[in-house]
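So the sequence shown is numbered by the working numbering: it starts at 41 and just counts up by one.
Yeah, the Cβ is synthetic: ideal placement off N, Cα and C, and Gly gets one too.
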Amino acid sequence: MSTQKNIRKWSELRGLKVAIPSQGKNAGVVEDFYFQLGTNSIYALGVRTPLAGLKALPANVIKDIVEDAVIIDSERMLTTRIPPFPLGSSLLNATVKGENEKEAGTISEVLIGTVPVNALRVVGYEVIDKGNHRSSRRKVLGADAILHYDENLLVIDNQTMSKM
């Protein structure tokens, strides 16, 4: 199996319907995700429901992620308990800097590992150098290169920084 199929861009997952095939209905639409700092694991997806507003869908109850939907067994899988973790949307447009304070660029995309489907995690980022007007080439940064997260800032080690 190709590893490319095991990784999806967040922009491909955001907006997917949350489907319950056994009941022939949709429970809502994926809006965001909650991730754990340091481990990069995705605890839950934020799902906008038609009547109850935002609910959390714990990653460990997801049955499958297909091209156009996230599959679950029942609406009871959605919870009103919102986890105390940062939102994935806070990563987009965050600045990436090295330990030396040199700027590497801005996060333009979050890469999500989807296999196994019940253990979603952030595996990387696409970084664009907006300061270089001649090139808007996207660079891929592995999630394990992040030393720490601050508000709207991701700090990477200098060795990784030199390769970017």
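Close beta carbons around residue i, own chain, < 8 Å, minus the five adjacent residues each side
i      : result
Pro98  : Tyr83, Ala84, Met117 and Thr119
Ile192 : Position check: residue 192 holds Asn in this sequence, whereas Ile was assumed. The residues are Ser130, Asn133, Ala134 and Thr135.
Val101 : Ile112, Asp113, Met117 and Asn158
Residues near residue i by beta carbon distance below 6 Å, same chain, minus five either side
i      : result
Gly182 : Gly164
Tyr74  : Tyr83, Ala84, Pro123 and Phe125
Gln200 : The sequence as given places Thr at residue 200; Gln does not occur at that position. Only Ala185 meet the Cβ criterion.
Leu127 : Asp72
Leu194 : Ala134, Val136 and Ile186
Leu56  : Val70, Ala109 and Val110
Met204 : Ala144 and Lys179
Proximal residues to residue i (C-beta, below 7 Å), its chain only, five neighbours per side dropped
i      : result
Ile168 : Gly145, Thr146, Ser148, Ser176 and Arg178
Asp104 : Ile111 and Val157
Lys49  : Glu149 and Leu151
Reference residue i, options the options, closest by Cα
i      : options                          : result
Glu166 : Tyr74, Val150 and Val155         : Val150
Gly78  : Gln199, Asp190 and Met201        : Asp190
Asp108 : Leu194, Met204, Leu53 and Ser202 : Leu53
Asp113 : Pro61, Ser51 and Asn198          : Pro61
Val58  : Lys49, Leu91, Ile111 and Asn46   : Ile111
Glu139 : Ser202, Ala67, Val69 and Leu56   : Ser202
Leu91  : Ile196, Glu141, Gly68 and Arg121 : Gly68
Asn80  : His188, Arg88, Val101 and Asn198 : His188
Leu94  : Gly86, Gly64 and Asn100          : Gly86
Gln63  : Arg88, Thr89, Ala96 and Glu115   : Glu115
Three-state secondary structure (DSSP) of residue i
i      : result
Ala92  : coil
Arg121 : coil
Ser62  : helix
Arg54  : coil
Asn192 : coil
Arg178 : strand
Ala144 : strand
Gly68  : strand
Thr200 : helix
Residue i classed as buried or exposed, judged by whether at least 16 other C-beta atoms fall within 10 angstroms
i      : result
Gly153 : buried
Val180 : exposed
Val106 : exposed
Arg121 : exposed
Whole-Å CB distance - residue i paired with residue j, under 8 Å assumed
i      : j     : result
Val162 : Asn46 : In fact, because the Cβ distance is near 13 Å, the residues do not count as touching under 8 Å.
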